[in-house]
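Chemist: Here the UniProt record's numbering is used: the first residue of the sequence shown is 1, the next is one more, and so on.
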Amino acid sequence: MSFFQLMGFGEGGWGAFMLMGALVTMALALCGFSIGACFGAFAAWAKISGNRFTRTIADIYTTVLRGIPDLLVIYLFYFGGSAFLTWLGRLFGSDGFIGLPGFLAGAMAIGITSGAQHTEVFRGAYRAVAKGEIEAAVACGMPRAMRFRRIVAPLVLRHALPGLGNVWQIVLKESALVSVTGVVELLRQSQVGAGSTRQPFDFYFAAAILYLCITTISSISFHTAEKRFNKGVRRS
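1) Using only CA atoms, which one of 204, 169, 200 and 178 lies nearest to residue 217?
2) Under 8 Å between the Cβ atoms of residue 9 and residue 189?
3) Contact check, residue 102 vs residue 126 under 8 Å by CB: the rounded distance?
4) Between the alpha carbons of residue 120 and residue 62, how many angstroms are there, rounded?
5) Can you find the residues in the same chain that come closer than 6 Å, C-beta to C-beta, to residue 35, ignoring five residues on each side of it along the sequence?
6) For residue 30, which of helix, strand or coil comes out of DSSP?
7) Is the beta carbon of residue 223 less than 8 Å from the beta carbon of residue 167?
8) In its own chain, which residues sit with a C-beta less than 6 Å from the C-beta of residue 39, not counting the 5 before and 5 after it?
9) Using only the alpha-carbon positions, how far apart do residue 12 and residue 53 sit?
10) The alpha helix (DSSP H) with residue 151 in it runs from where to where?
11) Can you tell which of 47, 134 and 202 has its C-alpha closest to the C-alpha of residue 149?
12) Cutting at 7 Å between CB atoms, please list the residues of its own chain near residue 123, excluding the five before and the five after it.
13) Alpha carbon to alpha carbon, how far is residue 181 from residue 98? Give it in angstroms, no decimals.
14) Taking DSSP as the reference, what is the three-state secondary structure of residue 147?
15) Does the Cβ-Cβ distance between residue 21 and residue 161 come in under 8 Å?
16) Just to check my reading of the structure: residue 32 and residue 171 have Cβ atoms closer than 8 Å, yes? What is that Cβ distance to the nearest angstrom?
17) Taking only three categories from DSSP, how would you classify residue 51?
18) Nearest to residue 229 by alpha carbon, out of 158, 92 and 41?
19) Return the chain-ordered list of same chain residues with a C-beta closer than 6 Å to the C-beta of residue 163, the five sequence neighbours on each side being excluded.
20) How would you write the range of the alpha helix (DSSP H) that residue 200 sits in, first residue to last?
21) With respect to the alpha helix (DSSP H) encompassing residue 177, which residues constitute its N-terminal and C-terminal limits?
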């Protein structure tokens, strides 16, 4: 079969399976990115406004997670989570092995690792906000919650968007590592197709094209968001 027939949607084509793998990759990356943003926001707050104890915890978190290979974190979550669920099941009378779903383990692992990157992005973005803008909100008598919602959060997000775009690209590539847990995302689907048809180059080339399409669309989306948030801002 030719490349276009192999990647088509007709009889014997793998196009639908490859697109489904791409959708799983997107879902995995979105879940991991969202989880990482939550962890990063709390860790950044701890480094900026927390006490000595919370700052120490946040420093340990970012140092450890940036020093451990991402694949090792995925293994720890998958096998460690499965061992914990099995132990918990035995307490309630279950004798069998209880495995942690690979998608959940992968999303949590990616979220925890990317959270360390999110932390530094948010912390740097907050430091980039001019103090006078926050002081003006305080002088106007804004409550803390309103000040955060209307002033701090939009300004931090504006400065953080370029860094968040880089973190998203990293998360998207890290999602390929989750194939070791059995999740059929884009890379795993390519491996299955290559093994079934013995045409590995075609499948891996198609996967590369799909990854490039996703990253290109993501880059355009982040660039559009940056332009929108910087509308009316004078460039020096």
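Glycine included, every Cβ here is placed at the ideal spot set by N, Cα and C.
Modeler: Short version:
1) Position 217 of the sequence shown holds residue 217. Selected option, being the one with the closest Cα: 169.
2) One-based indexing of the sequence shown puts residue 9 at position 9. One-based indexing of the sequence shown puts residue 189 at position 189. Contact: no.
3) Start at 1 with the first residue of the sequence shown, and residue 102 comes out as number 102. Start at 1 with the first residue of the sequence shown, and residue 126 comes out as number 126. Actually they do not touch by this definition, with Cβ atoms about 35 Å apart.
4) Residue 120 sits at position 120 when you count from the first residue of the sequence shown. Residue 62 sits at position 62 when you count from the first residue of the sequence shown. One C-alpha to the other measures close to 8 Å.
5) The sequence position of residue 35 within the sequence shown is 35, counting from 1. Cβ neighbours of residue 35 beyond the five flanking positions: 111.
6) Along the sequence shown, one-based indexing puts residue 30 at 30. Note: residue 30 maps to helix in three-state DSSP.
7) Counted from its first residue, the sequence shown places residue 223 at position 223. Counted from its first residue, the sequence shown places residue 167 at position 167. The answer is no: Cβ separation not under 8 Å.
8) Residue 39 sits at position 39 when you count from the first residue of the sequence shown. Within the same chain, residue 39 has close Cβ partners 115.
9) Taking the sequence shown and counting its residues from 1, one reaches residue 12 at position 12. Taking the sequence shown and counting its residues from 1, one reaches residue 53 at position 53. Their backbone Cα atoms lie some 60 Å apart in a straight line.
10) The residue labelled residue 151 in the question sits at position 151 within the sequence shown. Careful: residue 151 lies outside any alpha helix (DSSP H) and carries neither H nor E.
11) On the sequence shown, residue 149 is found 149 positions in, with the first residue counted as 1. The shortest Cα separation from residue 149 among 47, 134 and 202 belongs to 134.
12) The residue given as residue 123 occupies position 123 in the sequence shown. Once the five neighbours on either side are set aside, the close Cβ partners of residue 123 are 44, 47 and 48.
13) Within the sequence shown, the letter at position 98 stands for residue 98. Within the sequence shown, the letter at position 181 stands for residue 181. Near 14 Å, if we compare the C-alpha coordinates of residue 181 and residue 98.
14) As a first step, residue 147 must be located in the sequence shown, where it is residue number 147. The three-state reading of DSSP puts residue 147 in helix, counting H, G and I together.
15) To locate residue 21, count along the sequence shown from 1; it is residue 21. To locate residue 161, count along the sequence shown from 1; it is residue 161. No, these two residues do not count as a Cβ contact at 8 Å.
16) For this step, residue 32 is matched to residue 32 along the sequence shown. For this step, residue 171 is matched to residue 171 along the sequence shown. At roughly 5 Å, the Cβ-Cβ gap stays under 8 Å, so residue 32 and residue 171 are in contact.
17) Taking the first residue of the sequence shown as position 1, residue 51 is located at position 51. If DSSP states are grouped into helix, strand and coil, residue 51 belongs with coil.
18) Start at 1 with the first residue of the sequence shown, and residue 229 comes out as number 229. Here the closest residue by C-alpha is 158.
19) If you number the sequence shown from 1, residue 163 lands on position 163. Correct list, in chain order: 121.
20) Your numbering for residue 200 matches position 200 in the sequence shown. 200-229 is the extent of the alpha helix (DSSP H) around residue 200.
21) One-based indexing of the sequence shown puts residue 177 at position 177. Taken as a continuous stretch (DSSP letters only), residue 177 belongs to no alpha helix (DSSP H), as it is neither H nor E.
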